[in-house]
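A.B. asks: Residue numbers (this note's numbering), protein chains in the order written: chain A, 196 to 1048; chain B, 6 to 102.
Note that the Cβ used here is the ideal one computed from N, Cα and C, for glycine as well.
Next up is a structure, given as structure tokens.
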Amino acid sequence: MSYLVYINGILIDLDESRPLSQTKQVNDMAKLDNRQSNFTNNFRARDTENNRRAFGYLGIEGNQSNLPYQKNTAKVFDSETGEALVVNGWAVIRRTTNAMFEVFVVDGIIDFYKAIENKTVSDIGVEALNHVKDVATIVDSWNDDKPYIYIIADYNGKVYTDDSKLNADYLVPSVRKSYLWNRIHEYAGFTYSGDVFQTEKFLNNLITFPKPVPTSEPVVTLITNQENGVLTGGSWFGGLGGLNSFGYAPSFFPNNFDTAQANNNQFANQINIEVTGTYRLTAEGELLFEGGSKLKDINWRVVGPDGSISSQGTIDSSIGQAAIIQAQEGDRIMLWTLTYQSFWGSGSISTKFELVSGYSANFNEVLVDLTATEVINQIMIEFGLTAFKDKASNHIVYKTLNERLQTAKILDWTDKFLSRKDERYQLTNYAKVNRFKYRYNDENANHFDGFFSINDENLRDEVTVFQSKFYAPDNRESIVATKPSLLFKLWNKEVKDNGEVEYKELDGRYYTLRAEFHSLPSGFILKSEALNTELTFTSAPFVSYWRLKMQQIIFDNYLPIESILDKTKIFEDSFWLDIRDISTFDFDCLIYNKYMGSYYLPNRILAYTTGQPTRVELIEVDYFKELDVPNPIDYQLEVINDDPIDYVGCQLTFIVNTNIPSGSTVTIKPFAYSPDGLGGFIWTEVPMTESITAVYSGSGTIIVTINSLPATLFGYKFKLVWVSSLFEVIESGLSNTVFVEQSCYIPVDPPAPQMTFLTITQVETLSITAGLRKVKVSYVSDLTDSSMMLVATAFNQSLFGLAQSQTFYLAAPTGFVEIDIAHNSIAGPPALHTIQLNAPAYGVSSNIVPSAS
Amino acid sequence: MSILRAKLAKPVISFGLGRTVFTALIGQEVKIYSGLIYPKDYVLNLNHSPDLTSRKVNNNYFTIEGNTAGEYEITLFLSNGDKTVQLISNKITLIIT
């Protein structure tokens, strides 16, 4: 009837008037988003000398014991049989009175969660992920054994370099979840096992670096850093052609340096390269000369062994400018300034030469807002895992819900059954619609969320069962290096006044994604503009979002929950259990009761006390309920764009590659060519008051009649969309442009005159070459349409000059146009012109302004 | 299908991420994945032409390679300990060039 309780190794004198009882649980089905531990009731220890010593003399005035605030080990044994109820427990001292100490004991998975409580992923030690990013490490990460991979995807950065190569500076590393899972268990001092950890879905599952890898400050090895000296006399400098005037010039490296990478053994301003690599030349300061002139522009040039020049440039030392220079072994880097001075002045220039290794991808620094518990919970939810901690050791066995239900051992407790105490029909925390949610860049988005339903009118309408810490990508597809990619936004793009695109970094964007390797037989070039290095690759990992939508996760891992939660019955049955039943019970089982003729999932054992009936919370499992078996093949819906889209009259025929069921209704979304607000044009969806739909006959074609679209000269592209029975949205890419006959369109009435003014605000000459002046004309208007036809006319002011007009068909309501004005002068100054804009559709003309002189 | 019969679900294999056709070079090791988790007493083995050589890493992961160019169909055969359950997976196609 009684127990032996050891706290910190000391046997405690128990107060038998309030017997110890234990509630056991591992994964309350009512709370999918967290995991629970076993716990005892608040039992009492008597006020004896033994207990006073065991509890550090708590309750005595002036006592400084830390016992209530620390982890106290606890073991609980049955005094008659010696069976262990708790082997590796945690005793919490709740309070002390004159007569007793009140304590409870927790055990189970709590040790694991306590070990990682409030620990960030950085805290658990992920230094092995840190690396220096350059094109070589990116390509190297594509080997299987690396814990991180640079996955090629659209991160909304500058995807391609100016010379159309894949831009390495806008790729980020992703860490394997399996690595973090291992690392967290190692940190907590736990081992684990489970068949789920050998599946592809677990092993090919990663999280992005949550922000761009900074390219502002590279990782460097200093070669030399010197204050300038003075070169005098004959001005042979670096073999650049032998200027022979006498005077003074700066010597940037007056002292000799000689390292494994580079030296200036021959001349102060000539660097001899010993190791092929990327180097950084930085200069800071300036020299002041008599008469107020300054020396701050330092020229550099890379000259090969054969005298050929591979690159050159200038840095401004007054602003501490640096140049990234790619140089080969045997090259010479020459430094010089344009002029020699007759008299030396004041000031100094500090010049630094460094070998650049790359840019620091430091996971330790960025994973500070992701906790180990969040990672564990995300993976537990993603795979529907239950943790079964070994009672005596720090080993955890993880099982999926499917495994629990299908492979569990059956315990026949028919002979132990006493009575049915209670029967309930709702598990708390659920609703009619139970949502699993990602985070999104657009807070109103929910495109990759999922849900399961419970057919119970008495439940509230909906609830969020799980809110992920991780982001879902934007549902916008682009092509990156020939492969499709969703948008995993780590940069925001902004267009500056001068038309340049500025990439603004985002932070805290943990995206979950997979890597799919593809071969590119003709090769593709990966280039870093920051480092000026490149490599050609023929195979690489591209992004995949396979089975990562929440609806797919529910589909793959939570389908059996329907057999538990649909017409739920939660029973509280009374059983006569002995200490052996309890000490060996691990919840990895189903309970069978012949009297009730059913199987049950044990949810909780409530307040077990030796020698008394025990209440057990059981959830009935309907093993015969018909379930939708998950279709493990992703639905595909792809428009074949090899040939122009065929049409007869207004009827289009799309050739498709799809495995959606025949008879499915497909929505056809039209896209029109429209300004993108960034100075270019993109295909944007045309909102329709009534959807265009077609039924897929299963023959590989989808036929649809187009007769409700507004007229256009630019044609339409189309996207095909099908929604599965589980509300999974399957979308095709955009079709080729289709030009059906104009008679199929709804005629567009000429727009009512919505413009009342059109004003030129600035005219700027961009360039003048022989015979041609390029002029930028900025204007504003009150046009509310998205675009207009704009005619720009330049009037020659000379007596016989001609007017020149240029037409812009899709000009923005407010913005600028660039016009070319031809003039007869071959070499002399261009003729004067005045410029006027005209929007003929609205009958509005602008002010007339002179072109810039 | 009920939960009881779900453990009889046909195995599904792919070359990764659902791909059912894969082109490989002669001698190139190719990975094959099986997505479902079965009871411990189930035995899973690849069925394929003798021109191919496969290796089972575990019940969810296999490797295969071939030294003769051609198009090969591969399936996964599953049986339990007493052979009361015997299932064949979907077919996947390996093209060796």
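According to DSSP, A:Glu657 sits in a beta bridge with which residue or residues?
C.D. replies: Here the question's residue 657 of chain A lines up with position 462 in the first sequence. Its beta-bridge partners are A:Val628.
A.B. asks: Looking at the C-beta of B:Ile5, does it have a partner C-beta in chain A at a distance below 8 Å?
C.D. replies: As shown, chain B starts at 6 and ends at 102. That puts residue 5 of chain B outside it, with no answer to give.
A.B. asks: Mind checking the region 237 to 256 of chain A against chain B and listing, in chain order, the residues whose C-beta falls within less than 7 Å of any C-beta there?
C.D. replies: Listed by position along the chain: nothing, the set is empty.
A.B. asks: Using the three-state DSSP reduction, which class does B:Ala14 fall into: helix, strand or coil?
C.D. replies: The count along the second sequence starts at 1 and reaches residue 14 of chain B at position 9. Three-state result, B:Ala14: coil.
A.B. asks: Using a cut-off of 7 Å between C-beta atoms, extract the partners of A:Glu833 located in chain B.
C.D. replies: Indexing the first sequence from 1 puts residue 833 of chain A at position 638. What A:Glu833 touches in chain B: nothing, since even the nearest Cβ is about 14 Å away.
A.B. asks: List in chain order: all unbroken beta strand (DSSP E) runs of 3+ residues lying wholly within the region 886 to 932 of chain A.
C.D. replies: Runs of the beta strand (DSSP E) inside the region 886 to 932 of chain A: 887 to 890, 896 to 900, 912 to 918 and 924 to 926.
A.B. asks: Examine chain A for any beta-carbon lying closer than 8 Å to the beta-carbon of B:Asn65, and answer yes or no.
C.D. replies: On the second sequence, position 60 is the one that residue 65 of chain B refers to. So, interface residue.
A.B. asks: Just verifying my parser: in three-state terms, what is the DSSP assignment at A:Thr623?
C.D. replies: Locating residue 623 of chain A in the first sequence gives position 428, counting from the first residue. Three-state DSSP puts A:Thr623 in coil, outside helix and strand.
A.B. asks: With respect to 7 Å, is the separation between the Cβ of A:Asn693 and the closest non-hydrogen atom of the ligand NAD below this value?
C.D. replies: With respect to small molecules bound, the structure shown includes none, and the ligand NAD cannot be examined in it.
A.B. asks: Just the Cα atoms here: how many angstroms apart are A:Ser714 and A:Ser336?
C.D. replies: Sequence index remark: in the first sequence, residue 714 of chain A carries index 519 (1-based). Sequence index remark: in the first sequence, residue 336 of chain A carries index 141 (1-based). Each residue's Cα considered, the two are about 16 Å apart.
A.B. asks: Are the Cβ atoms of A:Lys969 and A:Ser962 separated by less than 8 Å?
C.D. replies: Along the first sequence, one-based indexing puts residue 969 of chain A at 774. Along the first sequence, one-based indexing puts residue 962 of chain A at 767. Cβ atoms of A:Lys969 and A:Ser962: closer than 8 Å.
A.B. asks: Tell me, which residues are paired with A:Tyr842 by DSSP?
C.D. replies: For the purposes of this step, residue 842 of chain A is taken as residue 647 along the first sequence, with counting starting at 1. Bridge partners of A:Tyr842: A:Leu847.
A.B. asks: Is B:Ser59 helix, strand or coil by DSSP?
C.D. replies: For the purposes of this step, residue 59 of chain B is taken as the residue at position 54 of the second sequence. Of the three classes helix, strand and coil, the one that applies to B:Ser59 here is strand, per DSSP.
A.B. asks: Just to confirm, are A:Thr473 and A:Glu724 a CB contact at a threshold of 8 Å?
C.D. replies: Walking along the first sequence from the start, residue 473 of chain A turns up at place 278. Walking along the first sequence from the start, residue 724 of chain A turns up at place 529. No; because the gap between Cβ atoms is not below 8 Å, this pair is not in contact.
A.B. asks: Please check if any C-beta of chain A sits within less than 8 Å of the C-beta of B:Tyr38.
C.D. replies: Here residue 38 of chain B is taken as the residue at index 33 of the second sequence, counted from 1. Yes, B:Tyr38 lies at the interface with chain A (some Cβ there is under 8 Å from its Cβ).
A.B. asks: Using a threshold of 8 Å, state whether the C-beta atoms of A:Lys678 and A:Asn687 are closer than that.
C.D. replies: Counted from its first residue, the first sequence places residue 678 of chain A at position 483. Counted from its first residue, the first sequence places residue 687 of chain A at position 492. No; because the gap between Cβ atoms is not below 8 Å, this pair is not in contact.
A.B. asks: Output needed for A:Ile379: all residues of its chain with C-beta closer than 7 Å, excluding positions within five of it in sequence on either side, in chain order.
C.D. replies: Sequence index remark: in the first sequence, residue 379 of chain A carries index 184 (1-based). Contacts found: Ile311, Ile319, Ala567, Val570 and Ile571.
A.B. asks: Shortest alpha-carbon distance to A:Lys396 belongs to which of B:Tyr66, B:Ala29 and B:Lys88?
C.D. replies: Start at 1 with the first residue of the first sequence, and residue 396 of chain A comes out as number 201. Checked all of B:Tyr66, B:Ala29 and B:Lys88; the closest Cα to A:Lys396 is B:Tyr66.
A.B. asks: Shortest alpha-carbon distance to A:Val890 belongs to which of A:Leu915, A:Asn902 and A:Gly284?
C.D. replies: In the first sequence, residue 890 of chain A corresponds to position 695, counting from 1. The option with the nearest alpha carbon to A:Val890 is A:Leu915.
A.B. asks: Thinking just about the alpha-carbon of each residue, which of B:Lys88, B:Leu81 and B:Val90 is nearest to the one in B:Phe20?
C.D. replies: Here residue 20 of chain B refers to the residue found at position 15 of the second sequence. Of B:Lys88, B:Leu81 and B:Val90, the residue nearest in Cα terms is B:Leu81.
A.B. asks: If we cut at 8 Å on Cβ distances, does B:Gly21 have a partner in chain A?
C.D. replies: Translated into the one-based positions of the second sequence, residue 21 of chain B becomes position 16. Yes - at least one Cβ of chain A is within 8 Å of the one on B:Gly21.
A.B. asks: In its own chain, which residues sit with a C-beta less than 7 Å from the C-beta of B:Thr102, not counting the 5 before and 5 after it?
C.D. replies: Here the question's residue 102 of chain B lines up with position 97 in the second sequence. Correct list, in chain order: Thr28, Leu30 and Ala74.
A.B. asks: Tell me the rounded alpha-carbon separation between A:Gly645 and A:Ile756.
C.D. replies: Working through the first sequence from its first residue, we reach residue 645 of chain A at position 450. Working through the first sequence from its first residue, we reach residue 756 of chain A at position 561. Each residue's alpha carbon lies about 14 Å from the other.
A.B. asks: Taking beta-carbon pairs under 9 Å, can you tell me which members of the region 390 to 424 of chain A lie near chain B?
C.D. replies: So the close ones are Asp390, Val391, Gln393, Thr394, Glu395, Lys396, Leu398 and Asn399.
A.B. asks: Could you tell me how far apart the beta carbons of A:Trp495 and A:Ile468 are, in whole angstroms, since I believe they sit closer than 8 Å?
C.D. replies: Indexing the first sequence from 1 puts residue 495 of chain A at position 300. Indexing the first sequence from 1 puts residue 468 of chain A at position 273. Actually they do not touch by this definition, with Cβ atoms about 12 Å apart.
A.B. asks: Looking only at C-alpha atoms, which of A:Ser260, A:Ser859, A:Ala463 and A:Val370 sits nearest to A:Ala323?
C.D. replies: The residue given as residue 323 of chain A occupies position 128 in the first sequence. Minimum Cα distance to A:Ala323 is reached at A:Val370.
A.B. asks: Could you tell me whether the Cβ of A:Ser373 comes closer than 8 Å to any Cβ of chain B?
C.D. replies: Along the first sequence, read from residue 1 onward, the residue named residue 373 of chain A stands at position 178. No, no contact with chain B.
A.B. asks: Does DSSP put A:Glu412 in a helix, a strand or coil?
C.D. replies: Numbered from 1 along the first sequence, position 217 holds the residue referred to as residue 412 of chain A. DSSP places A:Glu412 in coil when its eight states are reduced to three.
A.B. asks: For the region 272 to 281 of chain A against the region 250 to 263 of chain A, are there 3 or more C-beta pairs whose distance is under 8 Å?
C.D. replies: These segments do not touch.
A.B. asks: Would you be able to state if there are at least three C-beta pairs under 8 Å between the region 281 to 288 of chain A and the region 571 to 588 of chain A?
C.D. replies: They touch, by the three-pair rule.
A.B. asks: So is A:Tyr1004 buried or exposed if we call it buried at 16+ other beta carbons inside 10 Å?
C.D. replies: To locate residue 1004 of chain A, count along the first sequence from 1; it is residue 809. By the neighbour-count rule (16 or more Cβ atoms within 10 Å), A:Tyr1004 is not buried but exposed.
A.B. asks: Per DSSP, A:Met295 forms a beta bridge with which residues?
C.D. replies: Your numbering for residue 295 of chain A matches position 100 in the first sequence. A:Met295 is bridged to A:Arg241.
A.B. asks: Using 8 Å as the limit for Cβ to Cβ distance, is A:Asn597 near chain B?
C.D. replies: Here residue 597 of chain A refers to the residue found at position 402 when the first sequence is read from its first residue. Yes, A:Asn597 counts as interfacial toward chain B.
A.B. asks: When the Cα atoms are used, what is the spatial distance from A:Ile649 to A:Phe661?
C.D. replies: For this step, residue 649 of chain A is matched to residue 454 along the first sequence. For this step, residue 661 of chain A is matched to residue 466 along the first sequence. One C-alpha to the other measures close to 16 Å.
A.B. asks: Find the residues of chain B that neighbour A:Trp1052, judging by a C-beta separation of less than 8 Å, and give them in chain order.
C.D. replies: Absent from the structure is residue 1052 of chain A, since the part of chain A shown begins at 196 and ends at 1048.
A.B. asks: Taking the alpha helix (DSSP H) that A:Ser373 falls in, what are its first and last residues?
C.D. replies: Here residue 373 of chain A refers to the residue found at position 178 of the first sequence. Run containing A:Ser373: Lys372 to Ala383, per the alpha helix (DSSP H) assignment.
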